[in-house]
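Student: Protein chains in written order, with the UniProt record's numbering: chain A, 1 to 427; chain B, 1 to 137; chain C, 1 to 329. We put the beta carbon where it would ideally sit given N, CA and C, even for glycine. Note that the structure is a prediction, hence the values are computed from the model and not measured.
1. Going by alpha carbons, who is nearest to residue 357(C) out of 102(B), 15(B), 11(B) and 32(B)?
2. If we define contact as Cβ-Cβ less than 7 angstroms, is residue 101(B) a contact residue for chain C?
3. With a threshold of 7 angstroms between beta carbons, is residue 86(B) in contact with chain C?
4. Excluding five sequence neighbours on each side, which residues of the same chain lie with their C-beta closer than 7 angstroms to the C-beta of residue 8(B)?
5. Which of the three DSSP states, helix, strand or coil, is assigned to residue 358(C)?
6. Could you compute how far the alpha carbon of residue 218(A) sits from the alpha carbon of residue 156(A)?
7. Spell out whether any CB of chain A is found under 7 angstroms from the CB atom of residue 169(C).
8. If you draw a straight line from the alpha carbon of residue 107(A) to that of residue 132(A), how long is it in whole angstroms?
9. Would you say the segment 182–194 of chain C touches the segment 157–173 of chain C, given that touching needs at least three Cβ pairs under 8 angstroms?
10. DSSP three-state label for residue 352(A), please.
11. Can you say whether residue 266(C) is buried or exposed, counting buried as having 16 or more other CB atoms within 10 angstroms of its CB?
12. Starting from the N-terminal side, write out each stretch of the beta strand (DSSP E) that is 3 residues or longer and does not extend beyond the segment 277–354 of chain A.
13. Kindly give me the distance between the Cβ atoms of residue 272(A) and residue 292(A), rounded to whole angstroms, as I take these residues to be in contact under 8 angstroms.
14. Hey, out of 37(B), 55(B) and 54(B), whose CA is closest to residue 25(B)'s CA?
15. Could you check the C-alpha separation between residue 70(C) and residue 277(A) for me, to the nearest Å?
16. At 8 angstroms on the CB atoms, spell out the chain B contacts of residue 118(C), in chain order.
17. With a cut-off of 8 angstroms, do at least 3 Cβ pairs link the segment 245–256 of chain C to the segment 107–125 of chain C?
18. For a contact meaning CB atoms closer than 9 angstroms, what does residue 350(A) contact in chain C?
19. Taking the C-alpha atoms as reference points, what is the distance between residue 22(B) and residue 51(B)?
20. Distance check for residue 161(A) and residue 250(A), CA to CA, integer angstroms please.
21. Based on Cα-Cα distance, which residue from 229(A), 379(A), 194(A) and 385(A) lies nearest to residue 331(A)?
22. Alpha carbon to alpha carbon, how far is residue 29(A) from residue 57(A)?
23. Count the other C-beta atoms from every protein chain shown that fall within 10 angstroms of the C-beta of residue 122(C), then say buried if there are 16 or more, exposed otherwise.
24. Please confirm whether residue 164(C) has its beta-carbon closer than 7 angstroms to some beta-carbon of chain B.
25. If the criterion is Cβ atoms closer than 7 angstroms, does the pair residue 144(C) and residue 89(B) meet it?
26. Given that a residue counts as buried once 16 or more other Cβ atoms are within 10 Å of its Cβ, and exposed if not, what is residue 245(C)?
27. Should residue 44(C) be flagged as near chain A, meaning a C-beta pair shorter than 7 angstroms?
28. For residue 102(A), which residues from the same chain have a beta carbon less than 8 angstroms from its beta carbon, with the 5 sequence-adjacent residues on both sides left out?
29. Roughly how many angstroms separate the alpha carbons of residue 104(B) and residue 236(C), rounded to a whole number?
30. Looking at the structure shown, is residue 224(A) part of a helix, part of a strand, or coil, going by DSSP?
31. Return the bridge partner residues of residue 19(B) from the DSSP annotation.
32. Please classify residue 240(A): does DSSP put it in a helix, a strand, or coil?
33. Under a three-way DSSP split, which group does residue 54(A) fall into?
34. Which residues of chain B have a Cβ atom closer than 7 angstroms to the Cβ of residue 152(C), listed in chain order?
35. Verify the CB distance criterion: does residue 213(C) have a CB-CB separation below 7 angstroms to chain B?
36. I want to verify the contact list: residues of chain A whose CB lies under 8 angstroms from the CB of residue 62(C), in sequence order.
Following this line, the structure appears as structure tokens:
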């Protein structure tokens, strides 16, 4: 009964619009109206119908998916020349069906036989409306997004090295085992990794990678090595294994610092090394800091003067200095005096660290305070003093506005401290 | 009564040294013609805190040695200071104190409230109770 | 931050000034008839014995303390200079090992200076007057209170102490008693075994004749006595104080047993000397006391005076067995 009426109406309209798709379109309107009115195909109920034009042929159904994706993903020939579409920001084809499962959708319905078993015991299950799952849509979008991004196997910030994703400063694991001996507890850090080249008669400019590494067990044993190879990784491997062959034991003071202040120079890299108390930390050139980590030195201050860019010279100098250290007993034996130590945590109570073991103690007192170069602090510096340029105050401290600001905030200066005390009930 | 001595021109008075809503006074010695709050001060010989502490006390401190010296050498004493010193037992009671007391008693007898009621809750006490609450939780 | 703030301010009151200050008050007490047994603390012989049994454990004295970090200093010295350094250090150590006095509570002050009814209701609150003149020892400062009803009186001990802290703040001393001295927190600290920290901080916060000081320290000493944990205080300034307090309380059996276990027989005997000095002031030491050996003297004490003599005897027996075993091997 419905068909003829619909056809009459569509004929009527086809004349006006001349559109073939109007047919199905109309059926939709008619059925939607019918829901309201109750009588499905009664013409007089369709008085106030709104008609809108719709074209079925669109951009989307003219071009197939493959070509559509190409438009999004591809890079022009000119762009490829410039290296576009290679790294971060490159788009990938996404499978939009991923994450969608048959029978699972926006409406969270349990269909026995489709997404749930038909029988439960002897009972036959029936269709069931479950509570809505608000995360469903978000989860599908998340899955799509995860496909379209390129992931980088990122290093944790602590392992990242000196700069970016480069080798210097990064750990490359223990050296390869030699015979039965595997280097357990050892670690290797790349200090320098660069391209070097030389000119040969036949090949012309011949490039190789040069790696300079230090290896150590964090307990006094350490060594450094240089390796070169056409391939970067093998250069590191060669250097690492060479370092393992040059291990040396380094004597530390109470396993945390050096025995005394010292000066060492290699080429034009000059190191002023200062012994520090427990808890001070490493305040030095990044190369020296890495070496200290591998040796097991935790408290040290070092000032590098002259060339601070020559990594190999700095490393050599630092290792030489550590090797030349004198223990307190050796010092006492050489000078023939008692060596007395005083520490803040012991309320500066004196303690004899070393006394001369062979000779008797000298009677003439040693110049401790009078001559500054004779004091224990400077005894190994040989009169050298590291350059301490005068610190300049920042330019804005000279501005009038800075002075004004200081005056304005002066009354707040004790507030944070006072607040803590107040909250603790102490003031 | 005319006074004689070294420091006849001097006055011993209170100078307000707190901030907004938080009065605090110094007992100062200065030339009588100067402004107590802004003028030059010869010596600070004490302090007076009119806001009660958590034990409900008003604190007064006086360097009595210096006070004696200045008083003996002819400095005049302002009535607020002599009120405090009278209460401390150093001076005879000031007439102002007795009149105030009399008026207060009359007010209380009539069932009225006195002017300076105690602050309802002291800041640190509230804070303390809050902290205690958090701890017990 | 708060912790560092506290530890930085944890300095010690000089023991020497205490002794001078409080021995005077005790002498005054001596005149009255009921002399307290705590007064014997200032007896020279007792002082000598207490400092003697404190002990000089090098490791304990050189234990690290909370201080701002600073790099260690080194010096090359001759024998002569070394001796000088050592004697200076000895003085320093003696100062830090000075025993804080064990005293009776300070009698409360209740002196009314005047009552003036005309002044009743002169103000809503009490006025507290403090004399801040220079060159007056703090304990002699006059602090008076004018009450609401017109009464003028001297300040109580508590008020006096508070006013001194307001106008002459002591280093490391807080205006209000730190929470760690309240019963709840004190018990927790005791369970953690922080005896020395509690006692050190009590020395800073309180005066030795103050109610709170007496409450806190005695609680600690009794707690230690219950656990026989005395050796934690060995070579610290509180060892002698704990020994003296427990002696007065006739509660030294566990103390003596612990001393015997640690091979400190002579110290145990000296402590018994103090016991007789405090409790048998008229009769003095028992007969032929000085001729007895350490072991005999302790045995005698265990039989005659001790509450729990068997415990001391057992400790002695173990000690003897150990000595015999060492001799034979």
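Tutor: So, from the data block:
1. The structure shown does not extend to residue 357(C), since chain C is modelled only from 1 to 329, so the question has no answer here.
2. Along the second chain, read from residue 1 onward, the residue named residue 101(B) stands at position 101. By this cut-off, residue 101(B) is an interface position.
3. Translated into positions along the second chain, residue 86(B) becomes position 86. Among the CB atoms of chain C, none fall inside 7 angstroms of the CB of residue 86(B).
4. One-based indexing of the second chain puts residue 8(B) at position 8. 74, listed in sequence order.
5. An answer regarding residue 358(C) cannot be provided, because it is not within the stretch 1 to 329 covered by chain C.
6. Walking along the first chain from the start, residue 218(A) turns up at place 218. Walking along the first chain from the start, residue 156(A) turns up at place 156. The straight-line gap from Cα to Cα measures roughly 21 angstroms.
7. The residue given as residue 169(C) occupies position 169 in the third chain. Chain A contact via Cβ: absent.
8. If you number the first chain from 1, residue 107(A) lands on position 107. If you number the first chain from 1, residue 132(A) lands on position 132. When rounded, the distance between both Cα atoms is 7 angstroms.
9. Put simply, the segment 182–194 of chain C does not touch the segment 157–173 of chain C. Fewer than three CB pairs are less than 8 angstroms apart.
10. Reading the first chain from its first residue, position 352 is the one you call residue 352(A). In the structure shown, residue 352(A) sits in a strand (DSSP, three-state: E or B).
11. Taking the third chain and counting its residues from 1, one reaches residue 266(C) at position 266. Burial call: exposed.
12. 300–306, 338–342 and 350–354
13. Numbered from its first residue, the first chain carries residue 272(A) at position 272. Numbered from its first residue, the first chain carries residue 292(A) at position 292. In this structure residue 272(A) does not touch residue 292(A) by the C-beta definition: roughly 15 angstroms separates them, more than the 8 angstroms allowed.
14. Working through the second chain from its first residue, we reach residue 25(B) at position 25. Residue 37(B) is the option with its Cα nearest to residue 25(B).
15. As a working note, residue 70(C) is residue 70 in the third chain. As a working note, residue 277(A) is residue 277 in the first chain. The alpha-carbon atoms of residue 70(C) and residue 277(A) are separated by roughly 7 angstroms.
16. Translated into positions along the third chain, residue 118(C) becomes position 118. One finds 93, 98, 101 and 102 in chain B with Cβ atoms closer than 8 angstroms to the Cβ of residue 118(C), taken in chain order.
17. no
18. Within the first chain, numbered from 1, the residue matching residue 350(A) stands at position 350. By Cβ distance, chain C contributes 75, 77, 82, 85, 86, 88 and 89.
19. Within the second chain, residue 22(B) is the residue found at index 22, counting from 1. Within the second chain, residue 51(B) is the residue found at index 51, counting from 1. Approximately 8 angstroms, taken between the alpha carbons.
20. Position 250 of the first chain holds residue 250(A). Position 161 of the first chain holds residue 161(A). Linking residue 250(A) to residue 161(A) through their CA atoms gives a straight-line distance of about 25 angstroms.
21. For the purposes of this step, residue 331(A) is taken as the residue at position 331 of the first chain. Cα-wise, what sits closest to residue 331(A) is 379(A).
22. Residue numbering aside, residue 29(A) sits at position 29 when the first chain is read from its first letter. Residue numbering aside, residue 57(A) sits at position 57 when the first chain is read from its first letter. Residue confidence is low: residue 29(A) scores 46 on pLDDT, short of 50, so the model does not pin down where it sits. Its coordinate-derived value is still stated next. Roughly 21 angstroms between the two C-alpha positions.
23. Residue numbering aside, residue 122(C) sits at position 122 when the third chain is read from its first letter. Buried.
24. Here residue 164(C) is taken as the residue at index 164 of the third chain, counted from 1. Residue 164(C) does not count as touching chain B.
25. Position 144 of the third chain holds residue 144(C). Position 89 of the second chain holds residue 89(B). Yes, the pair counts as a contact, with Cβ atoms nearer than the cut-off.
26. Indexing the third chain from 1 puts residue 245(C) at position 245. It counts as buried.
27. One-based indexing of the third chain puts residue 44(C) at position 44. No, no contact with chain A.
28. The sequence position of residue 102(A) within the first chain is 102, counting from 1. The residues are 114 and 115.
29. Your numbering for residue 104(B) matches position 104 in the second chain. Your numbering for residue 236(C) matches position 236 in the third chain. Answer to the nearest angstrom: the Cα atoms are 59 angstroms apart.
30. In the first chain, the residue the question calls residue 224(A) occupies position 224. Here residue 224(A) sits in strand by DSSP.
31. On the second chain, residue 19(B) is found 19 positions in, with the first residue counted as 1. Per DSSP, the beta bridge partners of residue 19(B) are 22(B).
32. Numbered from its first residue, the first chain carries residue 240(A) at position 240. Residue state for residue 240(A) is assigned as helix, using DSSP reduced to three classes.
33. Start at 1 with the first residue of the first chain, and residue 54(A) comes out as number 54. Of the three classes helix, strand and coil, the one that applies to residue 54(A) here is coil, per DSSP.
34. Residue numbering aside, residue 152(C) sits at position 152 when the third chain is read from its first letter. What residue 152(C) touches in chain B: 89.
35. Numbered from 1 along the third chain, position 213 holds the residue referred to as residue 213(C). No, residue 213(C) lies away from the interface with chain B (no Cβ there is under 7 angstroms from its Cβ).
36. One-based indexing of the third chain puts residue 62(C) at position 62. Going along chain A in sequence order, the residues near residue 62(C) (Cβ under 8 angstroms) are 346, 349 and 351.
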